[in-house]
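Take the numbering used here: the last position of the sequence shown gets the number 247, and nothing is skipped along the way.
First the structure, in the form of structure tokens, and then the observations on it.
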Amino acid sequence: MSAPRPDGTSAASAETGSLVGVKTFDDLFQELTEKARTRPEGSGTVAELDAGVHQIGKKIVEEAAEVWMAAEYEGDERTSEEISQLVYHLQVLMVAKGLSPADIWRHL
Numbered sequence: 140m141s142a143p144r145p146d147g148t149s150a151a152s153a154e155t156g157s158l159v160g161v162k163t164f165d166d167l168f169q170e171l172t173e174k175a176r177t178r179p180e181g182s183g184t185v186a187e188l189d190a191g192v193h194q195i196g197k198k199i200v201e202e203a204a205e206v207w208m209a210a211e212y213e214g215d216e217r218t219s220e221e222i223s224q225l226v227y228h229l230q231v232l233m234v235a236k237g238l239s240p241a242d243i244w245r246h247l
């Protein structure tokens, strides 16, 4: 059996598609929306939102390049980490623009 991850899941549960203890896209969006609303002191999310759409966009471009490089030259674990960071910054942009997951899903 795989060692548990910090979020309480194991690699085995992640590989089989089990979402026990795993944050979903919607969970992350709700968390970011709440941070935007409550503006906790020292929040990186709040700082990124305050920096504006231009800076968020630059971060998205940076993270997209890191996803590509990880996929090309590093392993699956590193690629997964980079994809998670890209998803985070995309969601910060969604919050900044007032978009919801439903706004995105209708284009898929």
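C-beta: ideal position from N, C-alpha, C; glycine also.
Point to revise | C-alpha distance - E187 paired with E180, whole-angstrom precision | key: 13 Å
Check your understanding: Quick one, are the C-beta atoms of T172 and V234 less than 7 Å apart?
Key -> It is a contact, given that the beta carbons lie within the stated cut-off.
Check your understanding: Rounded to the nearest angstrom, how far is the Cβ of T184 from that of K174, given a contact under 8 Å?
Key -> 5 Å
**Study point:** Start-end ranges of the alpha helix (DSSP H) lying completely within the segment 152–222, minimum 4 residues
**Key:** 164–177, 183–190, 192–212
Check your understanding: Quick one: what does DSSP say H228 is sitting in, helix, strand or coil?
Key -> helix
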